[in-house]
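Here the protein sequences come in this chain order: A and B.
For the first sequence, position 372 matches number 372 in the working numbering, and the numbering has no gaps at all.
Each position in the second sequence, counted from 1, maps to that position plus 1000 in the working numbering.
Glycine included, each C-beta is placed from N, C-alpha and C at the ideal position.
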Amino acid sequence: MTGYIRKDKRKGIRNVIAVAYLVECAHHVAEQIVRQTDSEALPVHLIGFGGCAPNAYAQRMMERLCTHPNVGGVVIVSLGCENFLRDQLLEVVKASGREAALIVIQEDGGTHASISRGVEAVKAMTPAVQAVPKVELHWQELCIGTVCGGSDACSGITANPAVGRTFDQLVDAGATCIFEEPGELIGCEAMLRERGITADVGQQLYECIHKADIYYKKMGHDSFSQGNAEGGLTTIEEKSLGSYAKSGSRDINGLIRPGEIPVTLGREGGLYMMDVVPDGEARWGFPNVSDTAEIVEMMASGCHMVLYTTGRGSVAGSAIAPVIKVCSNPITYERLNEDMDLNAGRIISKGATIGEISVELLHLIEQVAEGQMTKSEALGHREFFLGYKEFCRK
Amino acid sequence: MQLICLNPNDNVAVALCDLKAGQKATLTDGRKLTVLEDTGFGHKVAVSAIAQGEKVLKYGLPIGSATRNIVAGEHVHVQNMKSDYIWRPDR
C-alpha cells in the first residue's frame, strides 16, 4: 500500500482540501467555496461546527479533523464574532505543515468577497497539496474504526462478527483499530474488564459502561425491549454482544476519548475502545445524535476509514475518510446494492462463513487504502456532523 | 446451513430461517441437528445438552444460564434460560 506523507509524518489514504466553517452563519460561504473548487483531481470537502457558544470538545475535534492524515490543506471560514478560537485552529494546522488559509467574512467584505477569497485560497494551495508525495504505507500506520447503524436481527450474526474477525486480523498485522458506543455494550462490562491489557485499562472500560448506563437512563433510553425478545434475543448481555462482536477478541490497549489519538498509533497499533459519552451531568442531550457524529469522532481520533455495519441499510458516507458499508442482511443488500460495499448477508443466504467474509473485508480495506473508492464515496456522500460535548479528560 | 454457530465453543446456534419441529437442520460445521420445536429466524437452538445452572454460550461468551436441563435441538429462550446480568458498580 502507499499513502500521502504529511510533514508531521502521518500518512493519509486520501488527499483532500477541507473547507471548515466555524459557525453556522459561515456555512453557506464555505459550501459555495467547495462547490466552485471541488474536482476529481483534488477533492474539496466541507466540514464545520455550527455552534456559536464556545466548546473545548468542538475546538479539539476541529483541530484534529483539520490535521487528519487524509487532509492536505484547510481553508477556515469564520464569520468573525463566533466564539471559536479561529487563530488557534489556524496555528495548529500550520504547525502540522499543512497548507492553511483563513477567511473572516466580517472583515473580508461579505458573502461574494469571502467566497472569492476562499476560492482563491483553495486554488493557491492546490499545487502544494497535489505535490504531496506518496510513500509506502504499512498496516502499522493504518487506523480503522467501526460503527453500526440501522442494525437488525442479522447484524449480530453476520456483519458484526465478520468485522470482529477482520479487526483481529488487522490488530495482528499491527494496525490500530477503534470500536465504540458504551451505551450499546451494557452487560459486556465484565468481559471488557477482562480484555483490558492492564488491570487499570480493564477498570476504565468497566467504569465507562457504568457511566453510559447512567447517562442513557437519564435520556430515557431503555436497553432491552419486548421487540428484542420477539426477535430471538433473550438477555441484555446477549443483545449487547451483537454490537460487542465488532470488537473481535484481542486485548484492549486503552480507552480513548473522541479526538484522542491512540498513543501507540504509528508504532505498534492495537485495539482501542472509544468513550463517546460525556463526563459529568447529562446536559448535552444524546451523546451522538446520529451515526455520522460517531464517524466524525472516529476520524478525529485518526481513523483513515470506517467500517460501517448495517442491517436495515444506511446510505451515509463521510467527508474526509472513506466509509465501507458491510451489509448484514441479504435482502437489504439486494435492495440497496448501489450503496453497499460488502454483502455479509451471504452468511445467511449462501452459506458463506464469517471467516470468508472477514477475509474479503480485509482485501477490500487494502484496496480502499490504495485509493479504490467506496460506494458512498463514488455516490458523493460526504456527511458531517459535530455537536457539543464535554469531557474531563482530553 | 440453517443454523449458524458463531463460535466453535458455543452450545447454542442461531436459526438463519424459520425452522419447524422435527426438521433436520444443517449446522455451520456440516453436522445435522434435529430441531425439536418450531424456532423462528434469529432465535437459538441448543446444539448440545445444557445442564441447569450451566452457562449458555454464544459468540463463545456467556449470555446467561440455563434455568432447567436443556437437550440438544431445544429452543433456548426465556422459558429455559435467564440473564446473569447484575450491575455491580464497584467504586
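If we cut at 8 Å on Cβ distances, does A/I236 have a partner in chain B?
Start at 1 with the first residue of the first sequence, and residue 236 of chain A comes out as number 236. Chain B contact via Cβ: present.
Throw me the rounded Cβ distance for the A/V276 and A/P258 pair, which I believe falls under 8 Å.
Sequence index remark: in the first sequence, residue 276 of chain A carries index 276 (1-based). Sequence index remark: in the first sequence, residue 258 of chain A carries index 258 (1-based). Taking a contact as a CB-CB distance under 8 Å, the pair A/V276 and A/P258 counts as one, their CB atoms being some 6 Å apart.
I need the straight-line Cα distance from A/G270 to A/G72, nearest angstrom please.
Position 270 of the first sequence holds residue 270 of chain A. Position 72 of the first sequence holds residue 72 of chain A. Cα-Cα distance, rounded: 26 Å.
Is the beta carbon of A/G345 sitting closer than 8 Å to the one on A/S328?
Reading the first sequence from its first residue, position 345 is the one you call residue 345 of chain A. Reading the first sequence from its first residue, position 328 is the one you call residue 328 of chain A. A contact, by the Cβ cut-off of 8 Å.
If you draw a straight line from the C-alpha of A/M373 to the C-alpha of B/G1053, how long is it?
Counted from its first residue, the first sequence places residue 373 of chain A at position 373. Counted from its first residue, the second sequence places residue 1053 of chain B at position 53. Rounded to the nearest whole angstrom, the C-alpha separation of A/M373 and B/G1053 is 51 Å.
To the nearest angstrom, how far is the alpha carbon of A/R6 from that of A/A100?
The residue you call residue 6 of chain A lines up with position 6 of the first sequence. The residue you call residue 100 of chain A lines up with position 100 of the first sequence. C-alpha separation (whole angstroms): 14 Å.
Going by beta carbon distance, what residues of the same chain come within less than 8 Å of B/N1080, once the five residues before and after it are set aside?
As a first step, residue 1080 of chain B must be located in the second sequence, where it is residue number 80. Answer for B/N1080: A1066, T1067, R1068, I1070, E1074, listed in chain order.
Test item: CB-CB of B/V1076 and B/V1035 under 8 Å:
Residue numbering aside, residue 1076 of chain B sits at position 76 when the second sequence is read from its first letter. Residue numbering aside, residue 1035 of chain B sits at position 35 when the second sequence is read from its first letter. Contact: no.
Compare the C-alpha of A/F338 against each of A/G317, A/R165, A/L379, A/I17 and name the closest.
Looking up residue 338 of chain A in the first sequence gives position 338. The amino acid occupying residue 338 of chain A in the given sequence is Glu; Phe does not appear at that position. Cα-wise, what sits closest to A/E338 is A/L379.
What in chain A is Cβ-close to B/I1063, meaning under 8 Å?
As a first step, residue 1063 of chain B must be located in the second sequence, where it is residue number 63. For the C-beta of B/I1063, the chain A residues within less than 8 Å are, from N- to C-terminus, T234, T235, E237, E238, L241.
When the Cα atoms are used, what is the spatial distance from A/E237 to A/I186?
Within the first sequence, the letter at position 237 stands for residue 237 of chain A. Within the first sequence, the letter at position 186 stands for residue 186 of chain A. Approximately 7 Å between the Cα atoms of the pair.
How about A/M62 and A/L89: do their beta carbons lie closer than 8 Å?
Taking the first residue of the first sequence as position 1, residue 62 of chain A is located at position 62. Taking the first residue of the first sequence as position 1, residue 89 of chain A is located at position 89. Going by beta carbons, A/M62 and A/L89 fall inside the 8 Å limit.
Is it true that the CB of A/T2 sits closer than 8 Å to the CB of A/G150?
By one-based count along the first sequence, residue 150 of chain A stands at place 150. By one-based count along the first sequence, residue 2 of chain A stands at place 2. For A/G150 and A/T2, no; Cβs fall outside 8 Å.
Along the chain, where does the alpha helix (DSSP H) that runs through A/G242 open and close?
Locating residue 242 of chain A in the first sequence gives position 242, where the first residue counts as 1. Taken as a continuous stretch (DSSP letters only), the alpha helix (DSSP H) holding A/G242 covers 236 to 244.
Please compile the residues from chain B whose C-beta is within a distance smaller than 7 Å of the C-beta of A/G231.
As a first step, residue 231 of chain A must be located in the first sequence, where it is residue number 231. Under a criterion of Cβ atoms nearer than 7 Å, the residues of chain B adjacent to A/G231 are, in order, G1042.
Compare the Cα-Cα distances from A/T332 to each of A/S249, A/V16, A/A30, A/S314 and report the closest residue.
Within the first sequence, residue 332 of chain A is the residue found at index 332, counting from 1. Out of A/S249, A/V16, A/A30, A/S314, A/S314 has the C-alpha closest to the C-alpha of A/T332.
Please say whether A/C66 and A/R20 have beta carbons closer to each other than 8 Å?
As a position in the first sequence, residue 20 of chain A is number 20, starting the count at 1. As a position in the first sequence, residue 66 of chain A is number 66, starting the count at 1. Before going further, note that residue 20 of chain A is Ala rather than Arg in the sequence given. A Cβ-Cβ contact shorter than 8 Å links A/A20 with A/C66.
Who are the Cβ neighbours of A/R165 in its own chain at under 6 Å, not counting the five residues just before and after it?
Locating residue 165 of chain A in the first sequence gives position 165, where the first residue counts as 1. For A/R165, where only same-chain residues beyond five positions count, the Cβ hits under 6 Å are I354, S358.
If you reduce the DSSP assignment to three classes, tell me which class B/C1017 lands in.
Here residue 1017 of chain B is taken as the residue at index 17 of the second sequence, counted from 1. Residue state, collapsed to three classes: coil.
Segments of 4+ residues assigned as alpha helix (DSSP H) that fall wholly inside the region 26 to 69 of chain A:
For the region 26 to 69 of chain A, whole alpha helix (DSSP H) runs of length 4 or above, ordered along the chain, are 27 to 37, 56 to 66.
What is the DSSP secondary structure of A/I13, counted as helix, strand or coil?
Within the first sequence, residue 13 of chain A is the residue found at index 13, counting from 1. Collapsing the DSSP output to three states places A/I13 in coil.
Note the first and the last residue of the continuous alpha helix (DSSP H) segment covering A/K316.
To locate residue 316 of chain A, count along the first sequence from 1; it is residue 316. The sequence as given places Ala at residue 316 of chain A; Lys does not occur at that position. Careful: A/A316 lies outside any alpha helix (DSSP H) and carries neither H nor E.
Below 7 Å on C-beta distance, what does B/R1070 contact in chain A?
Residue numbering aside, residue 1070 of chain B sits at position 70 when the second sequence is read from its first letter. According to the sequence displayed, residue 1070 of chain B carries Ile and not Arg. Listed along chain A is no residue with a C-beta nearer than 7 Å to that of B/I1070; the closest approach is about 12 Å.
Take every Cβ of the region 7 to 17 of chain A, pair it with every Cβ of the region 286 to 293 of chain A, and state whether three or more of those distances are shorter than 8 Å.
No: the two stretches stay apart, fewer than three of their Cβ pairs being nearer than 8 Å.
Indicate whether at least one CB of chain A lies closer than 8 Å to the CB of B/L1006.
Against the second sequence, residue 1006 of chain B aligns to sequence position 6. At least one chain A Cβ lies under 8 Å of B/L1006.
Using the C-alpha atoms, what's the distance from A/K389 back to B/N1009?
Counted from its first residue, the second sequence places residue 1009 of chain B at position 9. Counted from its first residue, the first sequence places residue 389 of chain A at position 389. Distance between the alpha carbons of B/N1009 and A/K389 is about 41 Å.
Three-state secondary structure assigned by DSSP to B/T1028:
Locating residue 1028 of chain B in the second sequence gives position 28, where the first residue counts as 1. The answer is coil: DSSP assigns B/T1028 none of H, G, I, E or B.
Once the 5 residues before and after A/E366 are set aside, which same chain residues still bring their CB inside 7 Å of it?
Your numbering for residue 366 of chain A matches position 366 in the first sequence. Only M1 meet the Cβ criterion.
Secondary structure at B/K1058, three-state DSSP: helix, strand or coil?
The residue given as residue 1058 of chain B occupies position 58 in the second sequence. Of the three classes helix, strand and coil, the one that applies to B/K1058 here is strand, per DSSP.
Residue range of the unbroken beta strand (DSSP E) whose run includes A/A100:
Here residue 100 of chain A refers to the residue found at position 100 when the first sequence is read from its first residue. For A/A100, the uninterrupted beta strand (DSSP E) segment begins and ends at 99 to 104.
Are there 16 or more other CB atoms within 10 angstroms of the CB of A/R382, so buried, or fewer, so exposed?
As a first step, residue 382 of chain A is located in the first sequence; it is residue number 382 there, counting from the start. Buried, since its Cβ has 16 or more Cβ neighbours within 10 Å.
How far does the alpha helix (DSSP H) with A/L170 in it extend, from its first residue to its last?
In the first sequence, counting from the first residue as 1, residue 170 of chain A sits at position 170. 159 to 172 is the span of the alpha helix (DSSP H), which, as asked, contains A/L170.
Going along chain B in order, which residues have a C-beta closer than 8 Å to the C-beta of A/G313?
As a first step, residue 313 of chain A is located in the first sequence; it is residue number 313 there, counting from the start. Per Cβ cutoff of 8 Å: no residues; A/G313 is ~17 Å from chain B at best.
Who are the near neighbours of A/L362 in its chain, counting only those whose CB is closer than 8 Å to its CB and skipping five residues on each side?
For this step, residue 362 of chain A is matched to residue 362 along the first sequence. Excluding positions up to five away in sequence, the list reads T166, Q169, L170.
Contact belief for A/L85 with A/Q59 at Cβ below 8 Å, rounded distance in angstroms
What you label residue 85 of chain A is simply residue 85 of the first sequence in a count that begins at 1. What you label residue 59 of chain A is simply residue 59 of the first sequence in a count that begins at 1. With a beta-carbon spacing of about 6 Å, A/L85 and A/Q59 fall inside the 8 Å limit used to define contacts.
Can you confirm whether A/A245, when its beta carbon is compared against all beta carbons of chain B, has any partner nearer than 8 Å?
Position 245 of the first sequence, counted from the start, is the residue given in the question as residue 245 of chain A. Interface flag for A/A245 against chain B is set, since a Cβ pair is found closer than 8 Å.
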